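Chemist: The structure under discussion is supplied below as structure tokens; questions concerning it will follow.
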Amino acid sequence: MAEYIDVGVYRARNLLLDMVEKGEVIVTCGSVKNSLRWYPVLPTTATSHTNIMPLSTSPPAK
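Heads up: the sequence shown at position 1 corresponds to 1 in our numbering, and the numbers run straight through without jumps.
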């Protein structure tokens, strides 16, 4: 995304975090291969998957 919109990676991350707070994007609750994964919220996107949830939600209890 950073390259596509011509901003630095940290600026892109802040933009994505703002989008998470607005409910426009969800992020993995842990890194995958040392990287966070960001997904757009679509009408058909399920957020109940155990590895993908809104940033403000705590991970499920084990």
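Idealized CB from N, CA, C, for every residue including glycine. All values reported here derive from a predicted model rather than from experimental measurement.
(1) Do you know offhand how far V25's Cα is from V7's?
(2) Tell me which same chain residues have a C-beta within less than 6 Å of the C-beta of R11, skipping the five on either side of it?
(3) Do G23 and N41 come within 8 Å of each other at the CB atom, strictly closer than that value?
(4) By Cβ distance, which residues of its chain are closer than 6 Å to W38, with the 5 residues on each side in sequence left out?
(5) Taking just the CA atoms, how far does M1 sit from R13?
Modeler: Per the coordinate set shown:
(1) 18 Å
(2) none
(3) It should be noted that the sequence gives Val, not Asn, for residue 41. Yes.
(4) L16, V25, V27
(5) 9 Å
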